[in-house]
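Asker:
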Amino acid sequence: MTGVDGAAALRDRGRTLDGEGPARGLVSARGLAPEGRAGSEVVKAPALLRPDPRRSLDTRLVLPAAAAWATAALAVGWSGSARAVAALALLAVAIAALVRAARAGRGRHRTRWPRGPTALLATAVLALCVLGSIAAQDTVRHGPAVTAGLDWGGTVTALLRTESEPQPTTTQRDGSPRLRLDATLLEVDVRGEARRARSPVVVLAGARWASLPPGSTVSASVRLVATADGERAVALVLASGDPDVRAPPPSWRAGIVALRDGLRSAVEGLPPHARGLLPGIAVGDDSAVPPALVDAMRAAGLTHLLAVSGAHVAIVVGLVLIGTAGVPRAVRLGVSAVVLAGLVLLVGAEPSVVRAGAMGLVAMLALGLGRRSAAVPALAVAGAVLVLTDPWLARSPGFALSVLATAGIVLWSRPWGEAMAARLGRFAPVAPALAVPLAAQVACLPVLVGLDGGLATYAVLANALVAPVVPPVTVLALLATLVQPVAPLVAHGLLVVAQSGTWWIEAVATRAAALPLARLPWPGGAGGTVLTVGLGAGVWLLVRRGGLSAAAQARLRVWAAPSVLGVLSLVVVLSVLPATRGLVGRIALGSVPAAVPADWRLLQCDVGQGSALLVSAEPDGGPGAAVLVDTGPAGAPVRDCLEAGGVRELAALVLTHADADHVGELGDVLAAVPVRQALVPRALDPRLVRVVGALEEADVPVVAADADTPTLGLGALEVSVLWPTPRAVALRAPPEGDVIGSGEGGLIGGGAVGVVAGSTTGTTAAVGSDEAASSEEEAEGTANELSLSLWISAPELTVLAHGDAGAWAQAGIARQWPALPRPDVLVVAHHGSRDQDEALLSATAGRVSLVSVGAGNDYGHPADDVVARLSQIGMVARTDLCGRISVSARTDGALVVTGCP
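At position 392 of the sequence shown the residue is numbered 417 (my numbering), and the sequence of numbers has no breaks.
1. Opposite Thr180 in the DSSP bridges: which residues?
2. Taking His298 and Leu327 to be in contact with their CB atoms under 8 Å, please state how far apart those CB atoms are, rounded to whole angstroms.
3. Using the Cα positions of His886 and Ser858, report the straight-line distance between them to the nearest angstrom.
4. How is the beta strand (DSSP E) around Ala730 delimited, first residue to last?
5. Starting from Thr143, follow the alpha helix (DSSP H) in both directions and report where the run begins and ends.
6. Any contact of the segment 155 to 165 with the segment 231 to 249, i.e. 3+ C-beta pairs under 8 Å?
7. Please check the pair Ala868 and Arg847, which I expect to be a contact at CB under 8 Å, by giving their CB distance rounded to whole angstroms.
8. Just the Cα atoms here: how many angstroms apart are Leu514 and Asp286?
9. Check each candidate in Trp528, Ala620, Leu638 and Ala144 and name the one with the smallest Cα separation from Arg125.
10. Nearest CA to the CA of Ile910: which residue from Leu156, Leu638 and Trp547?
11. Could you work out which residue in Gly305, Asp176, Pro89 and Ser104 is closest to Ala152 when comparing CA atoms only?
12. Quick check: what's the CA-CA separation for Ala291 versus Ser874?
13. Please report the straight-line C-alpha distance between Tyr884 and Ala723, rounded to a whole angstrom.
14. Whose C-alpha, out of Ser913, Val853 and Gly918, is nearest the C-alpha of Val891?
15. Taking only the alpha-carbon atoms, compute the straight-line gap between Pro402 and Trp437 and give it to the nearest angstrom.
16. Apart from the five residues on each side of it in sequence, which residues of its chain come closer than 7 Å, Cβ to Cβ, to Gly899?
17. On the criterion of 16 or more Cβ atoms from any shown chain inside 10 Å, does Arg203 qualify as buried, or is it exposed?
18. Compare the Cα-Cα distances from Leu344 to each of Leu501, Val472 and Leu486 and report the closest residue.
19. Under 8 Å Cβ to Cβ from Val341, same chain only, skipping five residues before and after it: list those, please.
20. Whose C-beta lies closer than 8 Å to the C-beta of Leu507 among residues of the same chain, with five residues either side of it excluded?
21. Going by CA-CA distance only, name the one from Ala264, Ser427, Gly105 and Arg140 that's closest to Leu330.
22. In its own chain, which residues sit with a C-beta less than 8 Å from the C-beta of Val521, not counting the 5 before and 5 after it?
23. Helix, strand or coil, according to DSSP, for Arg300 in the structure here?
24. Do the segment 525 to 543 and the segment 483 to 493 touch if we need at least three Cβ pairs shorter than 8 Å?
25. Which term fits Arg397, buried or exposed, when burial requires 16 or more other beta carbons within 10 angstroms of its beta carbon?
26. Report the start-end ranges of each alpha helix (DSSP H) in the segment 495 to 538 that is 4 residues or longer and not cut off at the edges.
27. What do you reckon, are the CB atoms on Gly646 and His687 nearer than 8 Å?
28. Please list the segments of the alpha helix (DSSP H) lying wholly inside the segment 416 to 494, counting only runs of 4 or more residues, in order along the chain.
29. Kindly list the residues whose CB is nearer than 7 Å to the CB of Ala683, restricted to its own chain and excluding five residues on each side of it in sequence; keep chain order.
30. Hey, out of Leu371, Arg140, Val372 and Thr349, whose CA is closest to Ser361's CA?
31. With distances taken from CA atoms, which of Gln197, Thr823 and Arg752 is nearest Val850?
32. Just verifying my parser: in three-state terms, what is the DSSP assignment at Ile817?
33. Do three or more CB pairs link the segment 415 to 433 to the segment 468 to 484 at distances below 8 Å?
34. Considering Cα atoms alone, identify which of Ala543, Thr656, Leu627 and His167 is closest to Leu3.
35. Give every residue of the same chain whose Cβ lies closer than 6 Å to the Cβ of Trp833, excluding the five residues on either side of it in the sequence, and list them in chain order.
36. Measure the Cβ-Cβ separation of Leu737 and Val744 and say whether it is below 8 Å.
Below is the structure:
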């Protein structure tokens with residue numbers, strides 16, 4: 026072989042799969058010779074200098090980008106001092122790497138810095154830039170205005186600029202929707218002193234905010250609640266009144282709103298699937314998608330179609346590039362950039378849209394530099410730029426799913442497609458359609474199971490079936506959006522054609538969701554993620570074992586194969602045999618309580634035959650402040666429940682009535698955590714006087730509450746008392762009886778228990794005369810019918826929590842609140858006894874019904890017919906079967922119940 030031929034051969038071996046990058050610096054007998062020079066004596070290069078012909082991807086930027094991502098995810102939740110320490114450490118690493126690289130780069134034949142120190146230097150510098158970005162943005166985000174509003178704690182006047190369309194989240198007790206929207210806090214007025222701000226917030230408001238377009242400047246009376254460290258929004262804004270519009274949105278935003286409204290108008294008259302899916306696929310507006318279809322798409326793994334993502338950018342920009350073929354590259358890039366910017370503006374600058382737009386921009390820059398797109402470097406650059414500009418994205422599950430899906434497609438779709446094609450024979454053309462969704466699904470699987478325990482069995486098949494119709498539906502819907510203002514008939518025609526595609530998507534989703542084993546059970550949270558990664562690693566080892574030594578293959582057969590098969594067998598058993606699944610769950614839960622997820626909103630404590638419910642008062646749920654409804658009987662492990670939930674203080678302790686199984690652990694609760702205030706029923710019950718006395722001895726302010734008590738703002742919660750009404754108290758109280766509560770708003774204070782309708786005051790005299798001191802049995806009966814029933818509104822769900830209200834009280838609730846909506850979660854009255862009002866029970870059964878009851882109790886709780894009625898509407902979770910139960914809500918509104926198999 027000649028020198029030229031040898032150089033050419035070695036160059037070919039050094040090329041990447043995309044055809045670029047010949048091997049540089051080939052070693053010759055005369056040192057480093059220019060590649061391919063005639064007459065050079067080329068010898069075989071050392072292994073470390075020879076490019077690996079199997080390597081087809083440039084991964085040099087992956088480590089710095091991953092480090093930037095990790096730094097942002099951690100540092101947004103750190104204090105300023107912790108970030109300063111981290112910055113000093115990173116600075117030391119950067120200096121050391123710089124010195125090492127400079128020394129290694131010296132020498133006669135060394136013209137480049139070594140890769141190791143250089144990569145470390147780039148990683149440290151990028152991480153330092155992320156810390157600097159966080160510090161600079163936090164200075165503006167957490168300004169004096171936000172601090173003043175949070176410290177005040179009461180109602181303030183806020184000036185806000187809306188940034189998104191209001192979306193319904195929950196329903197208020199009068200049946201009106203509760204809306205959620207993103208906004209920028211511009212000004213806070215605390216007791217007449219106004220301070221300017223520029224802070225991202227989340228607003229929860231009433232129905233009067235529904236008509237506000239994005240970009241509107243409004244003033245309103247609000248209450249600010251601090252969010253957890255690391256959240257994008259610095260505060261949750263609870264609006265208590267109607268918005269006062271100070272300025273309409275700018276003209277360009279008004280035009281975008283008009284386009285989106287025009288699309289919603291244009292789909293009127295089309296079938297339900299088209300009315301919901303066409304705006305959802307085109308501009309991410311999924312407000313009209315039928316709930317049943319949302320559930321089916323989630324079970325089939327198709328919900329990503331309703332979120333504008335990189336696929337939308339690829340479709341739109343790809344068509345632009347095809348349509349501008351033959352024109353100069355600069356023109357093509359300019360047109361693509363304008364179209365991409367228009368798409369982002371039309372959809373709204375949501376995080377998913379920003380992610381997709383940034384990745385499209387990087388791809389176009391690579392094209393502009395005259396190189397074929399290197400997907401992995403482009404993805405790394407896009408991720409690094411995003412976390413630099415918005416470090417709070419690093420904690421977004423959507424960001425992780427976007428990056429992982431793109432990485433999976435880049436790394437695996439081509440080799441997997443080729444492997445499938447080799448085995449499919451004449452059906453080889455369908456291989457890419459299967460490989461792309463399979464690669465994306467496998468890459469996202471660890472995050473998906475962490476967010477929502479369970480595996481969508483037919484997700485790959487469903488995505489492959491709908492893939493052909495998604496591009497035309499997207500393009501037709503976007504074109505209809507643009508032409509609707511000037512040619513509504515043309516827009517309607519485009520949408521009529523597009524509806525055939527939405528029909529197909531609905532058909533695939535509903536049929537996939539209805540198939541047997543459509544969703545396999547799988548543990549959620551960090552444990553589910555670790556299990557998924559471990560199982561994936563085991564499967565990979567089994568597939569790749571041909572490249573291992575004989576000894577390694579022997580060890581693999583002994584350990585990896587049985588482990589993988591064992592886990593898969595367990596999944597099959599838990600899926601196919603629900604009875605076995607329930608038995609296994611009960612046995613496991615009997616010895617080890619279920620782990621409490623970090624974002625829990627409700628925690629039904631297992632206190633035996635009694636009740637104790639924790640409701641997180643934090644904006645995003647989880648540890649911190651909470652509301653405790655009842656304490657359980659004496660000796661109940663309610664303190665363990667407080668510790669499991671990470672509760673540091675109680676924004677309120679609600680005692681629905683004075684039965685021992687509801688107040689027995691009051692002393693232990695008061696000793697465990699600080700209590701800001703307590704709520705008790707404004708009712709006749711001598712036992713309640715003793716309870717109030719214990720609270721006052723602990724310096725806990727007590728409010729005697731009834732249905733006339735104003736709604737209480739407790740952190741991120743709004744708590745309304747539905748029962749008892751003042752009339753019900755009057756009907757149940759004897760003429761000479763005493764009713765707990767006096768003073769403005771029912772506040773009990775001053776070291777004594779006040780009484781209404783009585784002539785004496787004071788802790789001792791409050792019991793009243795001998796006639797008022799009724800028997801224990803009569804007191805319990807009255808206490809049950811006058812026990813508190815609460816409507817609790819959290820940012821993402823609603824709860825109807827009963828004490829021991831019986832059928833008489835429940836019928837009174839139905840009369841008092843005829844428009845009472847169905848809650849997301851029902852805490853069943855009186856441990857599920859038969860004493861229920863059938864009409865109210867059917868009307869208010871939640872998607873989840875919680876029954877706090879002791880195993881093997883003597884009362885027959887819960888009644889079989891009550892459980893059967895509730896099971897027809899939603900899930901019934903019982904502490905006697907499940908132990909401690911937690912409920913949390915996902916961003917799509919689905920409830921996640923942990924603790925019940």
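The beta-carbon is built from N, C-alpha and C at its ideal position, and this holds for glycine as well.
Answerer: So, to answer that:
1. Arg248
2. His298 to Leu327, Cβ: 12 Å. No contact.
3. 5 Å
4. Val727 to Ala730
5. Counted as a single uninterrupted DSSP element, the alpha helix (DSSP H) harbouring Thr143 occupies residues Arg140 to Arg166.
6. no
7. Contact between Ala868 and Arg847 holds, with the beta-carbon distance rounding to 7 Å and staying under 8 Å.
8. Taking the CA atoms as reference points, Leu514 sits about 16 Å from Asp286.
9. Ala144
10. Looking at the Cα atoms, Leu638 is the closest of the given residues.
11. Comparing C-alpha distances from Ala152 to each of Gly305, Asp176, Pro89 and Ser104 shows the shortest one belongs to Pro89.
12. 40 Å
13. 34 Å
14. Val853
15. 16 Å
16. Ala870, Gly871, Arg872, Val873 and Ser874
17. buried
18. Leu501
19. Val364, Leu365, Leu368, Thr499, Val500 and Leu503
20. Leu284
21. Ser427
22. Leu295
23. helix
24. yes
25. Confidence at Arg397 is low in this model, with a pLDDT of 43, below 50, so the placement of that residue should be treated as unreliable; the coordinate-derived value is given next. Per the 10 Å Cβ criterion, exposed.
26. 495 to 508
27. no
28. 422 to 433, 439 to 449, 456 to 476 and 484 to 491
29. Asp710, Arg712, Leu713, Val716 and Ala808
30. Thr349
31. Thr823
32. strand
33. They touch, by the three-pair rule.
34. Nothing in the structure corresponds to residue 3, since the chain is present only between 26 and 926.
35. Glu810
36. yes
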